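Each position in the sequence shown, counted from 1, maps to that position plus 96 in my numbering. Quick reminder that beta carbons are idealized off the backbone N, C-alpha and C, glycines included. For clarity, every value in this text was computed on a predicted model and none was experimentally measured.
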Amino acid sequence: MDSESTPANEHSINESQPVVTAQSEGDRGEHRERCELLGIAWHERPAAADAAAVALIDPEVAVRLRVVPIRFDDLTLVLAMLDPLDTDAADEISALTGRPVLREGMEKKHFSELMREHYGTTASKMADALAGNADDADDELEHNLEAIEADDIHRMAEEPTLINLVNLLLLEAIQSRTSDVHIEPFENELKVRYRIDGMLHEQKPPPKHLQPALIGRIKIMSGMNIAERYVPQDGKIALRFEGRKVDIRVSTVPTLYGESVVMRILDKSSLTLDLSTLGMRDELVSTMDSLLEKPHGMVLVTGPTGSGKTTTLYASLTRLYDPHKKIITIEDPVEYELSGINQIPVNPKRGLTFASGLRSILRQDPDVVLVGEIRDNETADIAIRSALTGHLILSTLHTNDAISSIGRLVDMDAEPFLVASVLEGLLAQRLGRRICQHCREQIPLEEDMAQRLRNDERELFGGRAWRGAGCEKCNNTGYLGRLGYFELLRINPAMRAAISTSASQSELREAAGDDFSLMRQDGILRAVEGETTIEEVLRATQDSDEMVS
């Protein structure tokens, strides 16, 4: 993207790398029509480039002009161009090679593949190159990181090579579906790890001597104070990647050997706002829909950090959305923008907390209110009273299972009879890895795994289980993507009576009867269907399973 069209607070990770920015459908159509009028060839499929032709042009020139030489003879050089109407670029290549240029166009994605194949690099390769370039001065720098002044860090962070390295780290993270990038300083090394499908994968690290500049560059991009290295900071990076907006939340904390950085990647294009696609079985979707149709009351989604609660709530709001309803959220922070829904970010520094914000929201005449999290007594009290006065309240709690949420509300000084009056449903969830559907296969159920299953569960598998064999699509891990395991409890009259009398968890579970499905049972059914593995179900639901053992 051209700098003129990029907002000041946004960055493009395409500017310094052989990655082509997106063209709109209109741009592609116009290019193609004009090429046809001018007799310029247009490729529907990827073109093959001759290595000898590619060698005619310096990579820096090719990347700058967005061109790839395809082939040549004594008379002409055939040139693939992102913009085949750019005669200035063609003339420059002609002057450099001493050959007349024959221009050709192609689809953006094919051109991007061609550029990467011949002029691309990776963060790993760049880290190797930078490590090889470390000199004695850099080695000295490794042991004196604290002595570096902010001005020096700023200067180092603006070096083109450093900018390219950070761009590549982010580019590869987005392409590999990474949810979080971890940059961790240790005494003699700097670690980089990507969290993909919930698991951390170590990457080729940059050399230790680049630590101040690398972290400084990230802090500059996210609007942090580069001179402050001894207190935690939070920031945000807005990126343009292949024509779409990607937001990155950045957090730094000081450690023994420098600042640790975690970047949470919020890529709306990868956000799934459909309960079925998230892994919820049809019968649970039907029950959830019946809860969301309630005119008032409270529906809570529970689970530990990173279990997908916010995504489930966003998917619920998408199902709820109706032009005739006023929907307002208050979140910390707003992770994704939802069309047609008023979203308020919490700002404690200015006095806007969940509790104060919720009070103000109720004066906005809402039908549905999403409270990002019920954290304290005051928020719990206001949320419950809001549900009593005709509003549907959706929120989250940090508990291991659904029934524990009732006790958590009471621990926040909520009156049991009020909790019984407003609660409509409780959904607990975990995330597990999904078997790669490209390489999944059935295998005999191993004896040690069979021993970990209960008798009724073992019978469901019939001596067979599923696994991912590993392929190129899943990077030979056997897993691709994630899905949820859900535990949905609909509050029935017997439960309301039990909650009012402060019944124990076992009594509440007995009162739930058939209106309750356990998370482990849900996961086992997904494993039987070949959507996940037994190992993943047992790993993800272990803590919730202990609650009912």
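Original post:
Per DSSP, ASP276 is paired with what?
Top reply: As a first step, residue 276 is located in the sequence shown; it is residue number 180 there, counting from the start. Looking at the DSSP assignment, ASP276 forms a beta bridge with ARG291 and ARG360.
Subject >> Nearest candidate by alpha-carbon position, reference ALA185, set VAL624, ARG162, GLN525 and ARG459 >> reply: On the sequence shown, residue 185 is found 89 positions in, with the first residue counted as 1. It is ARG162 whose Cα lies nearest to the Cα of ALA185.
Original post:
Helix or strand or just coil, what does DSSP make of GLN533?
Top reply: Start at 1 with the first residue of the sequence shown, and residue 533 comes out as number 437. Here GLN533 sits in coil by DSSP.
Original post:
Which whole-angstrom value is the C-beta distance of LEU387 and GLY521, which I expect to be below 8 Å?
Top reply: As a first step, residue 387 must be located in the sequence shown, where it is residue number 291. As a first step, residue 521 must be located in the sequence shown, where it is residue number 425. About 4 Å separates the two Cβ atoms, so the contact holds.
**OP:** Please state if the CB of ILE279 and the CB of ILE259 are separated by a distance shorter than 9 Å.
**Re:** Counted from its first residue, the sequence shown places residue 259 at position 163. Counted from its first residue, the sequence shown places residue 279 at position 183. Contact flag unset, no.
**OP:** Output the distance between the C-alpha atoms of GLU537 and VAL277, rounded to the nearest integer angstrom.
**Re:** As a position in the sequence shown, residue 537 is number 441, starting the count at 1. As a position in the sequence shown, residue 277 is number 181, starting the count at 1. Rounded to the nearest angstrom, the two C-alpha atoms are 31 Å apart.
Original post:
So what does DSSP say about GLU65, is it helix, strand or coil?
Top reply: Given that the chain is displayed from residue 97 to residue 645, the structure contains no residue 65 and the question cannot be resolved.
Original post:
In three-state terms, what does DSSP make of ASN321?
Top reply: Working through the sequence shown from its first residue, we reach residue 321 at position 225. Assigned with DSSP and collapsed to three states, ASN321 falls in coil, not helix or strand.
**OP:** Would you be able to state if there are at least three C-beta pairs under 8 Å between the region 452 to 460 and the region 401 to 413?
**Re:** no
Original post:
Taking the alpha-carbon positions, what's the PHE612 to GLY486 distance?
Top reply: On the sequence shown, position 516 is the one that residue 612 refers to. On the sequence shown, position 390 is the one that residue 486 refers to. Distance between PHE612 and GLY486, taken at the CA atoms: about 26 Å.
**OP:** Assign HIS297 to one of three DSSP states: helix, strand, or coil.
**Re:** Here residue 297 is taken as the residue at index 201 of the sequence shown, counted from 1. Strand at HIS297.
Original post:
Thinking just about the alpha-carbon of each residue, which of ASN588, GLN533, PRO540 and ALA546 is nearest to the one in GLU568?
Top reply: Here residue 568 is taken as the residue at index 472 of the sequence shown, counted from 1. With distances taken between CA atoms, GLU568 lies nearest to GLN533 out of ASN588, GLN533, PRO540 and ALA546.
Subject >> Whole-angstrom distance between LEU352 and TYR326, CA atom to CA atom >> reply: Counting from one through the sequence shown, the residue named residue 326 turns up at place 230. Counting from one through the sequence shown, the residue named residue 352 turns up at place 256. Cα to Cα, TYR326 sits roughly 10 Å from LEU352.
Subject >> Given THR629 as reference, the closest of HIS420, ARG530 and ARG195 once Cα atoms are compared >> reply: Taking the first residue of the sequence shown as 1, we reach residue 629 at position 533. Its Cα nearest to that of THR629, the residue ARG530 stands out among HIS420, ARG530 and ARG195.
Subject >> ALA607 and ALA593 closer than 9 Å at C-beta >> reply: For the purposes of this step, residue 607 is taken as the residue at position 511 of the sequence shown. For the purposes of this step, residue 593 is taken as the residue at position 497 of the sequence shown. Yes, the Cβ-Cβ distance between ALA607 and ALA593 is below 9 Å.
**OP:** Go to LEU576, then tell me how far its beta strand (DSSP E) extends in each direction, as first and last residue.
**Re:** Counting from 1 along the sequence shown, the entry for residue 576 is found at position 480. For LEU576, the enclosing beta strand (DSSP E) has its first and last residue at 575 to 586.
Original post:
Do the CB positions of TYR575 and GLY619 come within less than 9 Å of each other?
Top reply: As a first step, residue 575 is located in the sequence shown; it is residue number 479 there, counting from the start. As a first step, residue 619 is located in the sequence shown; it is residue number 523 there, counting from the start. Their beta carbons are not under 9 Å apart, which means TYR575 does not touch GLY619 by this criterion.
Original post:
Do you know how far the Cα of LEU306 is from the Cα of ARG504?
Top reply: The count along the sequence shown starts at 1 and reaches residue 504 at position 408. The count along the sequence shown starts at 1 and reaches residue 306 at position 210. The alpha-carbon atoms of ARG504 and LEU306 are separated by roughly 46 Å.
Original post:
Going by Cα to Cα distance, which pick from ILE189, MET317 and VAL150 is closest to ARG167?
Top reply: For this step, residue 167 is matched to residue 71 along the sequence shown. Here the closest residue by C-alpha is VAL150.
Original post:
Can the beta-carbon of LEU367 be found less than 9 Å from the beta-carbon of TYR432?
Top reply: Start at 1 with the first residue of the sequence shown, and residue 367 comes out as number 271. Start at 1 with the first residue of the sequence shown, and residue 432 comes out as number 336. Yes, the Cβ-Cβ distance between LEU367 and TYR432 is below 9 Å.
Original post:
Okay, do the region 330 to 340 and the region 286 to 298 touch, 3+ Cβ pairs below 8 Å being the bar?
Top reply: no
Original post:
Can you name, in chain order, every residue of its own chain whose Cβ lies under 7 Å from the Cβ of GLU474, other than the five neighbours on each side?
Top reply: For the purposes of this step, residue 474 is taken as residue 378 along the sequence shown, with counting starting at 1. These residues qualify, in order along the chain: ALA451.
**OP:** Go through its chain and collect everything with a Cβ distance to ILE136's Cβ below 7 Å, but skip five positions before and after it.
**Re:** To locate residue 136, count along the sequence shown from 1; it is residue 40. PRO180, ARG199, GLU200 and GLY201, listed in sequence order.
Original post:
Any idea if ALA191 is buried or exposed, counting beta-carbon neighbours within 10 angstroms, 16 or more meaning buried?
Top reply: Position 95 of the sequence shown holds residue 191. It counts as exposed.
Original post:
Who are the near neighbours of LYS315 in its chain, counting only those whose CB is closer than 6 Å to its CB and skipping five residues on each side?
Top reply: For the purposes of this step, residue 315 is taken as the residue at position 219 of the sequence shown. These residues qualify, in order along the chain: ILE322.
Subject >> Residues of its chain near ILE440, where Cβ-Cβ distance is below 8 Å and the 5 sequence neighbours each way are ignored >> reply: Against the sequence shown, residue 440 aligns to sequence position 344. These residues qualify, in order along the chain: ILE424, THR425, ILE426, GLU427, VAL430, LEU448, GLY453 and ILE457.
**OP:** Return the chain-ordered list of same chain residues with a C-beta closer than 8 Å to the C-beta of LYS422, the five sequence neighbours on each side being excluded.
**Re:** The count along the sequence shown starts at 1 and reaches residue 422 at position 326. Answer for LYS422: ASN438, GLN460, ASP461, PRO462, ASP463 and VAL464, listed in chain order.
Original post:
If you count every other CB in all the chains shown that lies within 10 Å of the CB of ALA148, and 16 or more means buried, which is it?
Top reply: Counted from its first residue, the sequence shown places residue 148 at position 52. The C-beta of ALA148 has fewer than 16 other C-beta atoms within 10 Å across all chains shown, which makes the residue exposed.
Original post:
Which residues mark the beginning and the end of the beta strand (DSSP E) in which ILE424 is found?
Top reply: Translated into the one-based positions of the sequence shown, residue 424 becomes position 328. Boundaries of the beta strand (DSSP E) harbouring ILE424: 423 to 427, taken from the DSSP string.
Original post:
Taking the C-alpha atoms as reference points, what is the distance between GLY436 and ASP363?
Top reply: On the sequence shown, residue 436 is found 340 positions in, with the first residue counted as 1. On the sequence shown, residue 363 is found 267 positions in, with the first residue counted as 1. Within the model, the alpha-carbon separation for GLY436 versus ASP363 is close to 19 Å.
**OP:** Please state if the CB of LEU380 and the CB of LEU584 are separated by a distance shorter than 9 Å.
**Re:** Your numbering for residue 584 matches position 488 in the sequence shown. Your numbering for residue 380 matches position 284 in the sequence shown. Result yes, Cβ atoms of LEU584 and LEU380 sit closer than 9 Å.
Original post:
What separation, rounded to the nearest whole angstrom, lies between the Cα atoms of ALA561 and GLY468?
Top reply: In the sequence shown, the residue the question calls residue 561 occupies position 465. In the sequence shown, the residue the question calls residue 468 occupies position 372. For ALA561 and GLY468, the distance between alpha carbons rounds to 38 Å.
Subject >> Per-residue DSSP class, three states only, for ILE440 >> reply: In the sequence shown, residue 440 corresponds to position 344, counting from 1. DSSP places ILE440 in strand when its eight states are reduced to three.
Subject >> As assigned by DSSP and simplified to three states, the class of ASP170 >> reply: Stepping through the sequence shown from its first residue, residue 170 is reached at position 74. DSSP places ASP170 in coil when its eight states are reduced to three.
Original post:
Do you know offhand how far PRO350's Cα is from SER318's?
Top reply: The residue labelled residue 350 in the question sits at position 254 within the sequence shown. The residue labelled residue 318 in the question sits at position 222 within the sequence shown. Going from the Cα of PRO350 to the Cα of SER318 covers about 17 Å.
**OP:** Please name the residue or residues paired with GLY201 in a DSSP beta bridge.
**Re:** For the purposes of this step, residue 201 is taken as residue 105 along the sequence shown, with counting starting at 1. According to DSSP, GLY201 bridges with TRP138 and MET177.
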